[in-house]
Amino acid sequence: MHELCVNPDIQSRLRKEILDTIKTHGDLTYEAVQDMKYLNMVVSETLRKYPLTPLIQRECESDYTIPETGIVIEKGVGILISQHGLHWDPKYFPNPEKFDPERFSDENRQKIPSYVYLPFGDGPRNCIGERFGLLSTKLGIIHIIQNFKVERNSLTQEPLQFGRSPLLRAKNGIRLTFQHL
Numbered sequence: 072m073h074e075l076c077v078n079p080d081i082q083s084r085l086r087k088e089i090l091d092t093i094k095t096h097g098d099l100t101y102e103a104v105q106d107m108k109y110l111n112m113v114v115s116e117t118l119r120k121y122p123l124t125p126l127i128q129r130e131c132e133s134d135y136t137i138p139e140t141g142i143v144i145e146k147g148v149g150i151l152i153s154q155h156g157l158h159w160d161p162k163y164f165p166n167p168e169k170f171d172p173e174r175f176s177d178e179n180r181q182k183i184p185s186y187v188y189l190p191f192g193d194g195p196r197n198c199i200g201e202r203f204g205l206l207s208t209k210l211g212i213i214h215i216i217q218n219f220k221v222e223r224n225s226l227t228q229e230p231l232q233f234g235r236s237p238l239l240r241a242k243n244g245i246r247l248t249f250q251h252l
């Protein structure tokens with residue numbers, strides 16, 4: 072919601088897609104949600120910029136030599152993968168501090184290397200709640216944007232500051248105003 076508040080053009084485009092898609096489908100159905108391409112782009116960019124957990128923990132399954140270094144990671148060694156580091160690396164996501172849903176258009180999404188965008192992890196041990204989490208998030212956004220304009224107020228922080236926590240959370244909360252449409 073914070074990014075929609077500080078990017079009113081993105082909020083307006085998203086609202087238009089939501090209203091148009093529901094009108095086309097006649098109701099808010101699973102299929103209607105799946106047809107909301109811009110909503111998917113907004114959620115994907117939100118998860119890139121603000122991954123819920125900063126790190127993914129894994130265990131090395133076999134000895135692995137890091138290319139061009141000679142360093143060997145032995146089987147059984149714990150590995151921490153920084154989602155935040157990958158998601159904010161300008162090598163993969165130019166201007167990483169900018170909220171840009173276009174990064175996740177059909178055309179641009181194909182340019183993102185495998186194992187770089189990891190909001191739910193990847194492979195056989197990815198988050199089992201991914202589909203439920205994405206659908207719940209999208210439904211929440213749809214209901215809010217359909218009924219409210221999200222605006223800044225005197226307490227809205229930009230940029231957001233984050234506290235120390237195992238899960239990403241805004242240090243002083245996220246302060247917004249919801250104006251009923």
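For what it's worth, the numbering used here labels the leading residue of the sequence shown as 72, then goes sequentially.
Just so you know, even glycine gets a beta-carbon here, dropped at the ideal spot from N, CA and C.
- The DSSP-derived three-state label of R174 is helix.
- Within the segment 155 to 228, the complete beta strand (DSSP E) segments at least 3 residues long are 219 to 222, listed from N- to C-terminus.
- For G200, the closest of A103, L123, L85 and C76 by C-alpha to C-alpha distance is L123.
- For L90 and E139, the gap between their C-alpha atoms comes out near 52 Å.
- Note that the segment 205 to 215 does not touch the segment 152 to 161; fewer than 3 beta-carbon pairs, one per stretch, sit closer than 8 Å.
- At a cut-off of 3 residues, the continuous stretches assigned as beta strand (DSSP E) that sit fully inside the segment 75 to 154 are 126 to 130 and 149 to 153.
- Secondary-structure assignment with DSSP links H251 through a beta bridge to F219.
- Restricting attention to Q128, K169, E88 and P167, the CA atom closest to the CA of G147 is found in Q128.
- The beta-carbon distance between E74 and L110, rounded to whole angstroms, is 13 Å. This is too long to meet the 8 Å contact definition.
- If you check the CB distance, F249 and F219 come in under 8 Å.
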